Amino acid sequence: EGLMPQDLINAKPVAAAVKEFFGSSQLSQFMDQNNPLSEITHKRRVSALGPGGLTRERAGFEVRDVHPTHYGRVCPIETPEGPNIGLINSLAAYARTNQYGFLESPYRVVKEGLVTDEIVFLSAIEEADHVIAQASATMNDKGQLIDELVAVRHLNEFTVKAPEDVTLMDVSPKQVVSVAASLIPFLEHDDANRALMGSNMQRQAVPTL
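Position 54 of the sequence shown, counting from 1, maps to 54 under UniProt numbering, and the rest follow consecutively.
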């Protein structure tokens, strides 16, 4: 009756595992707090390296390249230059992980050409069969798509379809890129290499005081 939880459970193996991870794991890093952007970017980083992952030497071009399924989940711009290019990435602005660890991106539901306020989060597998319009598609005051043909993504390809064929719509133009890349003014007019350098260098900014 006078037993305490610590008398029944040995916490040392759990504590040892936690200490080992934070002390010696390849994925354990001291948080970059140069400025607020560097902190949030560090917290939203995804890596293909580490235990159970790839090595820099073995990773080929196919692994590092931008893939259609990255849309709205992994930023195609923000990645380090050098040997880690394409292996360390940033989550897109609105991306989240689901209960199975897959990355999800939000979309507005479209019914018969009418854009609703309903938001759904879908993984790359779940969105494959959908016809997804861009966030900048022209709508009237009632939320109806008014163009004869709408620029869409379908089966990982860009094409045009009639408004009534559209099933989903992007929630925002900036859902494609990360927080750092979305801070670059007129990003769409920039060369991708310079945008990559810009999004990385913003994390190095310090106050003058």
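Where is the CB? At the ideal position from N, CA and C, for every residue including glycine.
None of the values given here were measured: they were computed from a predicted structure.
Query, Result
"Whole-Å CB distance - residue 169 paired with residue 124, under 8 Å assumed", "Their Cβ separation, rounded to whole angstroms, is 17 Å, which puts residue 169 and residue 124 out of contact at 8 Å."
"Cβ neighbour criterion (16 or more within 10 Å) applied to residue 223", "No answer is possible for residue 223: the residues shown for the chain start at 1 and end at 209."
"Residue range of the beta strand (DSSP E) that includes residue 68", "Counting along the chain, residue 68 falls outside any beta strand (DSSP E), and DSSP gives it neither H nor E."
"CB of residue 200 within 8 Å of CB of residue 80, strictly", "yes"
"C-alpha gap between residue 86 and residue 63, whole angstroms", "7 Å"
"Test item: CB-CB of residue 72 and residue 160 under 8 Å", "no"
"Under the three-state DSSP convention, the category residue 89 falls into", "strand"
"Residue 108 - containing beta strand (DSSP E), residue span", "103 to 111"
"Between the CA atoms of residue 68 and residue 135 - distance to the nearest angstrom", "17 Å"
"Residue 155, buried or exposed, once every other Cβ within 10 Å from all chains shown has been counted against 16", "exposed"
"Residues that DSSP places opposite residue 154 in a beta bridge", "157"
"Whole-angstrom distance between residue 108 and residue 202, CA atom to CA atom", "31 Å"
"Sheet register partners of residue 144 (DSSP bridge)", "114"
"Test item: CB-CB of residue 104 and residue 95 under 8 Å", "yes"
"Beta-ladder partner(s) of residue 133, from DSSP", "152, 169"
"Pair within 8 Å by beta-carbon distance, residue 26 and residue 60", "no"
"Segment limits, beta strand (DSSP E) that includes residue 46", "45 to 47"
"Secondary structure of residue 79, DSSP reduced to three states", "coil"
"Inter-residue Cα distance where the pair is residue 164 and residue 115", "11 Å"
"Collapsed DSSP secondary structure at residue 121 in the structure displayed", "strand"
"Separation of residue 186 from residue 58, as counted between CA atoms", "36 Å"
"Status (buried if at least 16 other CB within 10 Å, exposed otherwise) for residue 128", "exposed"
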